[in-house]
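Student: Its first residue numbered 4, the sequence shown is counted upward by one per residue in our numbering.
Glycine included, every Cβ here is placed at the ideal spot set by N, Cα and C.
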Amino acid sequence: MKSKTILGADGATKMQQITVGIHGKGGEAGIKAIQQLAGMVDSLKQCQTPQEVYDRYLQITGYCKCCVDCNFIDQKGADELMCLAAYLAGNEQARAEAQQKAGKKA
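Structure (structure tokens):
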């Protein structure tokens, strides 16, 4: 896994790019499966509630296991992807909880 931080003119973090190297087999089906898996990870930010984030994370873990079992992704790539998914799910969980609390106060 590679991480790159892009800073703004003021030195503050503007964006962070994380790259996970994925190696596997399966041809076109394998590529589609991994694209689906990446889309699932990306969709964490669309979850509205903490429960949705948790449910989506569980879906990602199950789908990733299926991809490993089918050799669409190697174990090292799966481990790195799941570390990233766990990190993102934690961030999205905190965001969703904060949004829920803000909604209850209004």
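#1: Kindly list the residues whose CB is nearer than 7 Å to the CB of C50, restricted to its own chain and excluding five residues on each side of it in sequence; keep chain order.
#2: Could you tell me if I34 is buried or exposed, where buried requires 16 or more neighbouring beta carbons within 10 angstroms of its beta carbon?
#3: Apply the 10 Å Cβ neighbour rule to L84 and answer buried if 16 or more other Cβ atoms are within range, or exposed otherwise.
#4: To the nearest angstrom, how far is it from the Cα of C69 to the Cα of C86?
#5: Going by alpha carbons, who is nearest to I76 out of I63, G29, D13?
Tutor: The relevant details are as follows:
#1: V56, R59, E95, A99
#2: exposed
#3: buried
#4: 17 Å
#5: G29
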